[in-house]
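Residue numbers (this note's numbering): 12 to 190. Worksheet for the structure shown next.
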Amino acid sequence: QYCAWSSHRKVKLLSNKMADDYDTEVHTAGAGASTTYPEQCSKLRKGGYVMIKDRPCKVVDMSTSKTGKHGHAKVHYVGLDIFTGKKYEDICPSTHSVNVPNVSRSEVNVVDVSDDGFLEIMDDVGDCSQIKCPDKYTVDEVKGMLKDAEAKEDCAINAVVWKAVGQEEVLELKQVKNK
Numbered sequence: 012q013y014c015a016w017s018s019h020r021k022v023k024l025l026s027n028k029m030a031d032d033y034d035t036e037v038h039t040a041g042a043g044a045s046t047t048y049p050e051q052c053s054k055l056r057k058g059g060y061v062m063i064k065d066r067p068c069k070v071v072d073m074s075t076s077k078t079g080k081h082g083h084a085k086v087h088y089v090g091l092d093i094f095t096g097k098k099y100e101d102i103c104p105s106t107h108s109v110n111v112p113n114v115s116r117s118e119v120n121v122v123d124v125s126d127d128g129f130l131e132i133m134d135d136v137g138d139c140s141q142i143k144c145p146d147k148y149t150v151d152e153v154k155g156m157l158k159d160a161e162a163k164e165d166c167a168i169n170a171v172v173w174k175a176v177g178q179e180e181v182l183e184l185k186q187v188k189n190k
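Below, the structure is given as C-alpha cells:
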C-alpha cells in the first residue's frame with residue numbers, strides 16, 4: 012500500500028492502525044520534583060535560603076564588593092545550615108547563578124515516642140509516620156512533655172518539621188493549645 016507523495020517519491024504506508032490502537036504509558040514527575048532552583052547571586056537576601064557547599068543554608072550576612080578591573084562585582088554571603096546550625100560562607104560574582112533550596116516548614120502533632128528515639132507523628136490529614144527525635148530532647152523529656160499536655164486536656168505537643176534537598180528533620184518540639 013502506498014499513501015502519499017513525499018519529495019516526489021511514493022511513501023509506503025507501514026500500518027493501518029490508528030493512534031488509539033496503541034498501548035501508551037506516560038511517565039510524569041511530581042510537582043515538587045526539583046529540590047533546588049537557580050537564582051542570580053545578586054538577588055539573594057538576608058533571611059533567604061541558598062545552597063553553600065551542597066548544604067541548605069539560611070543567609071545571615073551578605074556584602075557586595077564594587078566592580079574591579081576584571082568587571083564583576085562579588086557577593087560574599089554567610090549562611091547557617093538549617094539542620095545543623097553550622098556556619099558556611101561563599102563568594103561568587105553577582106551575575107552568576109546559585110542554587111536555592113526548596114525549603115518547607117510544617118507543624119505536625121506528636122502522638123507518641125518510642126524507646127529508641129522515634130516520634131510517632133500525625134499530619135493534618137490524619138496520616139501517621141515516624142521520624143527521628145532531635146538529639147536535644149531525651150526520650151524521657153518527650154514522654155514527660157506528652158504526659159503534661161495530656162494532663163492539661165486542651166494541650167498537645169507539636170513537632171516543627173523542616174524539609175529541604177531530600178532531608179527531613181524535627182528541629183523543635185512545642186506545646187500548643189488544641190483548637
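By construction, the Cβ of each residue, glycine as well, lies at the ideal position given by its N, Cα and C atoms. From a predicted model like this one, the values you see are computed outputs, not experimental measurements.
Own chain, CB closer than 8 Å to residue i, minus 5 neighbours either side, in chain order
i	result
CYS68	TYR60, VAL61, MET62, GLY90, LEU91, ASP92, ILE93, TYR99
THR47	MET62, ASN110, VAL111, PRO112, ASN113, VAL176
SER45	ASN113
PRO49	SER108, VAL109, ASN110, VAL111
LYS57	VAL70, VAL71, ASP72, MET73
Residue i - partner residues in DSSP beta bridges
i	result
SER117	VAL172
TYR88	MET73, ASP101
ASP123	GLU131
ASN110	PRO49
CYS68	VAL61, ASP92
Expected contact under 8 Å - CB spacing of residue i and residue j to nearest Å
i	j	result
ASN169	VAL153	Not confirmed; about 12 Å, so no contact.
SER117	CYS52	Actually they are not in contact, since the Cβ atoms of SER117 and CYS52 sit about 29 Å apart, beyond 8 Å.
6 Å CB neighbourhood of residue i in its chain, flanking five on each side removed
i	result
LYS174	SER115
ASP134	VAL119
Close beta carbons around residue i, own chain, < 7 Å, minus the five adjacent residues each side
i	result
ASP32	Because ASP32 sits at a pLDDT of 48, beneath the cut-off of 50, its placement in the model cannot be relied upon, and the following sentence gives the value as read from the coordinates. Result list for ASP32: empty, nothing under 7 Å.
Check: residue i C-beta below 7 Å from any heavy atom of the ligand ATP
i	result
GLY137	As presented, the structure is devoid of all ligands, the ligand ATP included, so that no description of it is given.
Of the listed residues the options, nearest to residue i (C-alpha basis)
i	options	result
LYS54	ASP65, SER45, VAL70	VAL70
LEU182	GLU161, ARG56, LYS147, ASN189	LYS147
TYR88	CYS144, VAL136, VAL172, LYS64	LYS64
SER105	ASP123, GLN141, LYS77	LYS77
LYS97	ILE132, MET156, ARG66	ARG66
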